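Numbering (UniProt numbering), first residue to last: 1 to 261.
Using N, Cα and C, we set each Cβ at its ideal position, and we do this for glycine too.
On a predicted model such as this, the values are computed, not experimentally measured, just so you know.
Quick notes on the structure that follows.
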Ligand SMILES: C[S@@+](CC[C@H](N)C(=O)[O-])C[C@H]1O[C@@H](n2cnc3c(N)ncnc32)[C@H](O)[C@@H]1O
């Protein structure tokens with residue numbers, strides 16, 4: 001029996017969940033999973049919308065949960081299947097090739113205990129409609145985890161690199177993008193994101209900044225397996241919920257709950 005791929009897959013997942021740049025999100029998700037199970041170790045039905053190659057889905061399946069990934073890219077789905085196979089969790093990961101707009105064609109309403117929508121709302125045509133769909137697939141009492149790009153950090157990043165014209169474009173554009181030459185359709189700010197989420201009937205419980213300084217410093221200082229990386233991780237966790245640090249981070253993470261009725 002060859003067990004090396006499994007060992008390296010487990011190491012990869014451990015590094016993913018502890019990486020300073022994303023540790024805050026994993027900390028919130030872990031607490032939500034703990035809350036749901038309340039010590040019983042219950043299996044969650046997790047839905048990862050725009051789940052890509054499984055950076056979140058596979059580690060969650062490794063924790064013993066049933067994960068459905070809905071993702072439009074065939075290439076990303078192929079990588080997801082390989083990653084799930086390497087981690088020996090193929091039986092806990094279901095994949096559908098579909099867009100967020102088509103979510104209700106492949107997933108029944110009210111069936112997910114935890115819905116992830118990470119780095120996708122920047123790309124969709126209608127974020128308010130997308131939020132309504134995410135709220136529909138979430139089970140009453142379940143949670144929706146949203147991760148989006150932060151306009152403020154983009155402005156800061158460009159200004160710090162001396163690109164003041166681009167920084168000003170990002171600052172004044174209604175959607176926080178550079179018209180005609182941006183990879184995203186929009187960026188968010190804490191207030192606009194919480195207002196959008198509220199419009200779908202979901203109730204925001206937590207907002208954190210992800211990457212308060214992690215994306216402004218050299219990659220070598222952010223490696224998860226070094227002392228410096230560990231110090232950065234602690235810094236990110238300590239500042240993530242504190243204003244103004246929270247609102248300056250590269251990404252905004254929001255956890256919202258669907259009311260029981
Ligand atoms: C930056 S990746 C994020 C992947 C994953 N959520 C993560 O955080 O690791 C964005 C993903 O969203 C997917 N995507 C883009 N537009 C989408 C849409 N309209 N509906 C669903 N997924 C979409 C892309 O194919 C890509 O896999």
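Residue i and residue j closer than 8 Å at C-beta
i	j	result
residue 141	residue 112	no
residue 210	residue 240	yes
residue 169	residue 185	no
residue 51	residue 80	yes
residue 70	residue 49	yes
residue 120	residue 100	yes
residue 190	residue 252	yes
residue 153	residue 68	no
residue 202	residue 144	yes
residue 84	residue 90	yes
residue 221	residue 237	no
residue 193	residue 254	yes
residue 199	residue 128	yes
residue 270	residue 171	This structure gives no information on residue 270, because the portion of the chain shown stretches from 1 to 261.
residue 262	residue 206	The question about residue 262 has no answer here: the residues shown for the chain are numbered 1 through 261.
residue 20	residue 229	yes
residue 160	residue 107	no
For residue i, the residue or residues it bridges with in DSSP
i	result
residue 251	149 and 210
residue 143	114 and 257
residue 48	69 and 116
residue 95	69
Candidates the options: closest to residue i by CA position
i	options	result
residue 150	58, 19, 235 and 215	215
residue 134	117, 75, 125 and 148	117
residue 256	235, 127 and 146	146
residue 87	76, 178 and 55	55
residue 42	27, 74 and 61	61
residue 260	138, 195 and 166	138
residue 247	195, 229 and 208	208
residue 73	125, 82 and 96	96
residue 187	234, 165 and 124	124
Min CB distance residue i to chain B below 8 Å
i	result
residue 149	Of the protein chains in the structure, only one exists, and it is not chain B.
What alpha helix (DSSP H) runs, 4 residues minimum, are completely inside the stretch 164 to 246?
164 to 172, 190 to 199 and 227 to 239
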